[in-house]
Amino acid sequence: MKDMGVRKGTKALDVCCGTGDWTIALSKAVGPTGEVLVLTLVRIC
Numbered sequence: 872m873k874d875m876g877v878r879k880g881t882k883a884l885d886v887c888c889g890t891g892d893w894t895i896a897l898s899k900a901v902g903p904t905g906e907v908l909v910l911t912l913v914r915i916c
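Be aware that the sequence shown starts at 872, since it is given in the numbering used here, and climbs by one per residue.
Right, here's the structure in full:
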């Protein structure tokens, strides 16, 4: 996350989150004052 420039209090986008591993890492990186938005594709039919 440090190499990607994710800092406390920032907003991050996780596209195609899959198992959520990156989502969890992003959440920890942005901290309680930041936000993580998740966008994933799910086939319904």
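The C-beta atom is built at its ideal place from N, Cα and C for all residues, glycine as well. Only a predicted model underlies this, so the values are computations on that prediction, with no experimental measurement involved.
1. So what does DSSP say about D885, is it helix, strand or coil?
2. Would you kindly report the start and end of the unbroken alpha helix (DSSP H) that includes L912?
3. With DSSP as the reference, please indicate the residues paired to L908 in a beta bridge.
4. CB-CB under 6 angstroms to A829, same chain, minus the five flanking residues each way: which ones, in chain order?
5. Going by CA-CA distance only, name the one from T911, G891 and L884 that's closest to G905.
So, from the data block:
1. In the structure shown, D885 sits in a strand (DSSP, three-state: E or B).
2. That residue, L912, is in no alpha helix (DSSP H); it is neither H nor E in DSSP.
3. L884, per the DSSP bridge assignment.
4. Within the shown structure, residues of the chain are numbered from 872 to 916, placing residue 829 beyond reach of any answer.
5. For the residues T911, G891 and L884, the minimum Cα distance to G905 belongs to L884.
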